[in-house]
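Protein sequences appear in the order of chains A and B. The first sequence begins at 9 in this note's numbering and counts up one residue at a time. The second sequence begins at 9 in this note's numbering and counts up one residue at a time. Okay, so here's the structure we're looking at.
2 protein chains.
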Amino acid sequence: MTPKSCNYDAAYGLFFGSLANHNRFSIISVLRDEKKNVTEICESTGFEQTMVSHNLKRLDHCGMVFSEREGKCRYYRVNEKTIKPLLKLIDAHIKKYCCKILTGER
Amino acid sequence: MTPKSCNYDAAYGLFFGSLANHNRFSIISVLRDEKKNVTEICESTGFEQTMVSHNLKRLDHCGMVFSEREGKCRYYRVNEKTIKPLLKLIDAHIKKYCCKILTGER
DNA sequence: AGTACAGATGATTGTTTAGTCATATGACAC
DNA sequence: GTGTCATATGACTAAACAATCATCTGTACT
């Protein structure tokens with residue numbers, strides 16, 4: 009499949025859907041500053057291993073994290089090029105609108 | 009509620025969840041370049057009015073669109089400050105990763 | 001006040017998603 | 001090869017979501 013033939017719409021859905029889940033967002037957050045293996049992610053987040061693996065798979069799938077094996081462990085790191093500016097942008101948005109977001113006021 | 013007391017995590021979920029839905033994304037897309045009222049959005053997208061209203065409510069709720077009444081109509085426009093750079097960022101990401109995203113290759 | 005147009009809301013239902021359990025694979029050490 | 005640690009996968013169920021339907025509110029015009 010060439011990039012031109014890709015179905016961009018579906019890709020958008022997968023991309024944003026990946027960040028919409030609270031647990032995946034937590035995983036991204038603990039990886040924000042340093043790479044970690046699955047066990048370390050579990051410890052940092054308190055999540056179960058299978059759940060973390062499932063969610064890492066999805067994040068990897070969307071190009072949000074990269075991974076590499078080191079001996080018995082597989083280390084994951086965020087795709088800094090996308091994730092860092094994205095989170096920065098959204099942080100600013102939420103700082104400004106979070107109250108509206110959470111209360112639903114119009 | 010002051011910004012400091014906000015529950016940011018929930019806000020992130022609402023924010024990204026809003027963009028994860030294909031129909032909401034279409035609505036954002038047709039508003040990307042010009043403001044439109046609900047009827048016009050329906051015409052541009054082919055969606056039903058009630059569905060559009062429900063989804064606009066959510067987008068408004070997240071600070072992604074703003075609205076103002078003009079006579080009988082209510083016009084919606086995107087929050088350019090957030091949406092434009094966001095979409096630009098994601099466009100670049102997806103151009104690079106969409107094939108992986110859609111095929112699931114590792 | 002009555003009608004018509006524009007949009008919003010609430011309830012219901014079918015679909016999607018996500019966490020959990022059981023199990024499988026992969027890598028290393030002995 | 002066997003055991004153990006690290007991670008991945010598939011199937012299943014429960015919870016979340018989103019579209020639809022029926023109905024309601026708001027504005028303008030007469």
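Idealized CB from N, CA, C, for every residue including glycine.
**Message:** I want to see whether chain B comes within less than 9 Å of residue 34(A), judged by CB atoms only; does it?
**Reply:** Chain B contact via Cβ: present.
**Item:** Reduced DSSP secondary structure (H/G/I, E/B, other) of residue 33(A)
**Value:** helix
**Message:** In whole angstroms, give me the CA-to-CA distance for residue 57(A) and residue 45(A).
**Reply:** 11 Å
**Message:** By DSSP's criteria, residue 74(A) is part of a beta bridge. Which residues make up the other side?
**Reply:** 85(A)
**Item:** Touch test, the stretch 67-85 of chain B against the stretch 62-82 of chain A, Cβ-Cβ under 8 Å, three pairs minimum
**Value:** Between the stretch 67-85 of chain B and the stretch 62-82 of chain A, the count of C-beta pairs closer than 8 Å stays below three; the two stretches do not touch.
**Boundaries (first-last residue) of the alpha helix (DSSP H) holding residue 65(B)** = 57-69
**Message:** At the 9 Å Cβ level, is residue 25(B) part of the contact set with chain A, yes or no?
**Reply:** yes
**Message:** Does residue 92(A) come out as helix, strand or coil in the three-state DSSP assignment?
**Reply:** When DSSP states are grouped into helix, strand and coil, residue 92(A) belongs to the helix group.
**Prompt:** Which stretch, first to last residue, makes up the alpha helix (DSSP H) that contains residue 51(B)?
**Reply:** That run of the alpha helix (DSSP H) goes 46-53.
**Distance CB(residue 18(B))-CB(residue 24(A)) smaller than 9 Å** = no
**Item:** chain B residues whose Cβ lies nearer than 9 Å to that of residue 83(A)
**Value:** Result: empty, since nearest Cβ-Cβ is about 15 Å, beyond 9 Å.
**Request:** Determine the DSSP secondary structure at residue 80(B), reduced to helix, strand or coil.
**Result:** coil
**Prompt:** Would you say residue 10(B) faces chain A, with C-beta separation under 9 Å as the test?
**Reply:** Low confidence applies to residue 10(B): its pLDDT is 42, below 50, so where it sits in the model is not reliable enough to give any reading.
**Prompt:** In or out: residue 63(B) buried (at least 16 other Cβ within 10 Å) or exposed?
**Reply:** buried
**Prompt:** Rounded to a whole number of angstroms, what is the C-alpha to C-alpha distance between residue 114(B) and residue 47(B)?
**Reply:** Its pLDDT being 42, under 50, residue 114(B) is placed unreliably by the model, and the measurement read from it follows with that caveat. So the alpha carbons of these two residues sit roughly 43 Å apart.
**Message:** Are the CB atoms of residue 74(A) and residue 60(A) within a distance shorter than 9 Å?
**Reply:** no
**Prompt:** Given that residue 21(A) touches chain B, what residues does it touch there, using C-beta distances under 8 Å?
**Reply:** 28, 29, 30, 33
**Item:** Interface flag, residue 17(B) vs chain A, CB-CB below 9 Å
**Value:** yes
**Prompt:** Is residue 20(B) near residue 49(A), with beta carbons less than 9 Å apart?
**Reply:** no
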